[in-house]
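Read the structure below first, then the notes.
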Ligand SMILES: Cc1ncc(C[n+]2csc(CCOP(=O)(O)OP(=O)(O)O)c2C)c(N)n1
Ligand code: SF4
Ligand SMILES: [Mg+2]
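Written out as structure tokens, the structure is:
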């Protein structure tokens, strides 16, 4: 029997290090949401590992009183994969930024998603390089003026979700950086999910890219601009709860309940568990409404399950139990 | 059954044979069979394969030639040898590309059936070398091997044409077995095992092998039959092992001895991939492998595994090591155990992937940003790749700093007898794991002798801590920008590596212990340097010694003492002079002579002897 997990509060997960992000940065919200989510997950503190790359966001592990590694730029997914393969019992979290994951670490990012180890990735997307003081990132918009694009960015952006789904992500969620309750809940759901979970947090950087998500996330507009999807629930949004999504041909279309004979029954019902990612892709791409919540959560075999099964098989077929058995097998000969 | 020869035999001390042919001709198998049979007979052996770089080179082309060299002897054999005593050429391209390795006056056996107009053209021969007198300095044995093979197999049912012509290599092998008085038993047993479910193939190969043997016996074209007596070798149980396999097995042994699980993160690259290929087979020992998306993920996944408590390893060759540089610096900074194996090949850039060189030494020493010293060691023979892989694991676990193990294409692909080491006889491996929290515990607490920090593994309650690439406070391990602390930590990390000197053996000189000339080498050149110095010593030069280094950073404590005992020192390396740089920085007041070669080839015996003789009377 597993020893019962003791009761924790968020304080148990706060380290003694002074948090050094800029005042007003959404990173604080994400940190606190994590510290609140962990006690709800039923994991032991000593089994939790945070691995980050480099960036403002990647300072995160220093503030968590768990095992952690602040590593090198872009490589956290690969380090975390090694941690998880070495000890599958650990709860392993990758902390990364938009530059860390999709520029320098793009290769590791897509491959970790493809492999589907049971770990969680929190992507702090602020559409900018924060730590290096404001250059455009792979998610910055065309035309965006930054330190390294004074006349406007000319490089079209990645959508994190689209890239992830293209890389076979089994779990993708998106949350706004100003919604701590939603963030906390998504972290809990991600930990529960068996496989690689990617959580994109739309994170405001008040210093170098202030307001980049306000048109979706501002309190005044968010109910009208955001659709928060839930598995099994109709895709409905709006302050009046009167807007919804339907499929028109190969496109999503926003409709109004009560207009043109549309009722709630006509709306799409969210199926996060569907293997075919087509509809998930559309939700990820949609700008009006911008979709948050768990967009995809498809249960699949994990890499460690595959590896485990293989090891059991190879072990039972093998005549070697110690290295001596191997060394002294086959074509050996005596010299006397 | 084949019985012993009746004719008088000439007794040889050693012989070098090279089998060459098209990539499809089975030369690797032929050569391996000959060397295994000789080893079982009791000879010392060393082998070296030579594959074409192209996977499916056009048949008969010059660049599609595949070769396998075998050096066997009743005396100590330390290299696969340079020029050969017998060349077996299965086609014109093989003859053309390898003839210059055949000693003048020595024998070449050719399959005349393959000397067709088409094949001659493919080999860019303007006229047939068998007819134009260009081989008059050699003894040429012409045998229609393909037709003789076909004739032999006429009666065997159920064989297609391809299987028939494919077995002609066994005809050649049979002939060579007879010439050197070897039994065919081992090879026949090999067929029986390998083709267990294909009785026709066993029958065909056995028939052709015997046919070649009897053909040679009755053929007057082979006037001499030779024999090579068993070598005097230390008693024990042996096997023939390839350097890369020995490396892989060294890590298996270290994992078992240390009680840790082995993790390998790697990305395929010639000539290192065989270590990955070997280790993936051994899941039954709990080996975990990740074929990663690139070299960076190879090393970083290993760093993750090490953080989580495994014995972690990454394997690569030069270009891959360049990619691993930043991560290796991280491992050094966070002071975790990690072994990096660099099987060196010809560089720079993509360089000469299938050739050997020692040109990554300075990259291994210094190829990282900031001051980031790590332990660097090098294996020097195919079989001691086992010992140095084991040693790399032991050092990294005991000293909590990465170890870079250098081997090279020459010893990695070469094979030699290995006196099998039981794990029971290997030295203990300790590690620095802490499992329990105690009052005042800090992640950067160090062992006062080795300066190794302790290793707290996720899953251990109360030891939660953070590590990272930012400079660490000397005690708490928290991020610290304090100037004095940075300097202190820089020195501690260097001192920790330096103190490894207290745990490694002294360098030993072989042959003269003092005198006129000290030959200095490191890594994979040992066999070549040793045999040259031995030859000179046998010829009466009692004033020449050899000091061959396996420990490079740090150098053995007594290095300077040894250097002082000789009037002249020559540092021999397969690069433009890298180890000599290290010696120069460490030891003042010496004149270091150099012998360097950067051709993607090992040292040849004659070039070494010539040079050494010019330096001693
Ligand atoms: C190898 C390497 N290249 C460049 C850098 C400099 N660098 C540090 S963080 C960063 C970008 C971080 O942006 P992002 O991942 O979006 O994180 P944020 O700071 O926005 O949270 C860069 C370019 C580095 N540390 N290492
Ligand atoms: S620079 Fe931006 S992202 Fe970085 S800490 Fe400051 S506000 Fe946050
Ligand atoms: Mg960013």
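Chains as they are written, first to last, in the working numbering: chain A, 1 to 336; chain B, 1001 to 1617. Built from N, CA and C at the ideal position, the CB exists for glycine as well. Model, not experiment: these values are computed from the prediction.
If you check the CB distance, residue 1555/B and residue 1572/B do not come in under 8 Å. The residue from 1060/B, 1385/B, 1073/B, 1513/B with its alpha-carbon nearest to that of residue 1420/B is 1385/B. Contact between the stretch 51-62 of chain A and the stretch 97-115 of chain A is present: 3 or more CB-CB pairs across the two stretches fall below 8 Å. Contact check for residue 1328/B against residue 1402/B passes: the beta carbons are separated by less than 8 Å. Taking the Cα positions, residue 1166/B is about 8 Å away from residue 1024/B. Contact with chain B is absent for residue 120/A, since none of that chain's Cβ atoms lies less than 8 Å from the residue's Cβ. Taking each of 1303/B, 1268/B, 1255/B in turn and checking the Cα distance to residue 1287/B, the smallest one comes out for 1255/B. Looking from the CA of residue 321/A, the closest CA among 1409/B, 1423/B, 1303/B belongs to 1423/B. When the alpha-carbon of residue 154/A is set against those of 162/A, 63/A, 144/A, 74/A, the nearest one is in 144/A. For the C-beta of residue 65/A, the chain B residues within less than 8 Å are, from N- to C-terminus, 1464. In the structure shown, residue 1417/B falls within a strand segment according to DSSP collapsed to helix, strand and coil. A contact is defined here as three or more CB-CB pairs under 8 Å, and the stretch 1380-1399 of chain B fails this definition with respect to the stretch 1597-1607 of chain B. Per the C-alpha coordinates, the member of 1439/B, 1262/B, 1176/B, 1463/B positioned closest to residue 1032/B is 1176/B. Using a Cβ-Cβ distance cut-off of 8 Å, the stretch 81-93 of chain A and the stretch 109-117 of chain A are in contact, since at least three pairs of beta carbons, one from each stretch, lie closer than that value. Short note on residue 110/A: C-beta not closer than 7 Å to any heavy atom of ligand 1. Annotation for residue 1012/B: 1226, 1228 place their beta carbon closer than 6 Å to its own, counting only its chain and skipping 5 residues before and after. Sequence-ordered contacts of the stretch 1239-1254 of chain B with chain A read 1239, 1240, 1249, 1252, 1253 [C-beta pairs closer than 8 Å]. The three-state secondary structure of residue 1572/B, taken from DSSP, is strand. For a cut-off of 8 Å, the C-beta gap from residue 1266/B to residue 1316/B is around 7 Å, short enough to register as a contact. Burial check for residue 26/A: the Cβ neighbour count within 10 Å reaches 16 or more, so the residue is buried. Between residue 1395/B and chain A, the shortest Cβ-Cβ separation is not below 8 Å. A contact between stretches requires three or more CB pairs, one per stretch, nearer than 8 Å, and the stretch 1543-1550 of chain B fails this requirement with the stretch 1492-1500 of chain B. For the stretch 179-207 of chain A, the set of positions with a beta-carbon nearer than 9 Å to some beta-carbon of chain B is empty.
At a C-beta separation below 9 Å, residue 45/A has these neighbours in chain B: 1461, 1464.
The contact set of residue 1263/B on chain A, defined by CB atoms closer than 9 Å, consists of 82, 85, 86 in chain order. Judged by their CB atoms, residue 1449/B and residue 1471/B are not nearer to each other than the 8 Å cut-off.
Sequence-distant Cβ neighbours of residue 1570/B in its own chain, meaning closer than 8 Å and more than five residues away, are 1517, 1518, 1519, 1520, 1592, 1593, 1594, 1595, 1611, 1612, 1615. Judged by pairs of C-beta atoms under 8 Å, the stretch 1447-1463 of chain B does not touch the stretch 1278-1297 of chain B, as fewer than three such pairs exist.
Under the DSSP assignment, residue 1139/B falls in the beta strand (DSSP E) whose first and last residues are 1139-1143.
Membership of residue 1466/B in the beta strand (DSSP E) is indicated by the continuous run 1466-1468.
Restricted to the stretch 1121-1199 of chain B, the alpha helix (DSSP H) segments that are unbroken, complete and at least 4 residues in length are 1145-1152, 1161-1166, 1168-1179, 1185-1194, listed in chain order. Listed by position along chain A, the residues whose Cβ is nearer than 7 Å to that of residue 1310/B are 86.
Residues of chain A with a Cβ closer than 7 Å to the Cβ of residue 1478/B are, in chain order, 17. Looking only at 1121/B, 1600/B, 1559/B, the smallest Cα-Cα distance to residue 1588/B is reached by 1559/B. The three-state reading of DSSP puts residue 1277/B in helix, counting H, G and I together. Taken through DSSP and simplified to helix, strand or coil, residue 1493/B comes out as helix.
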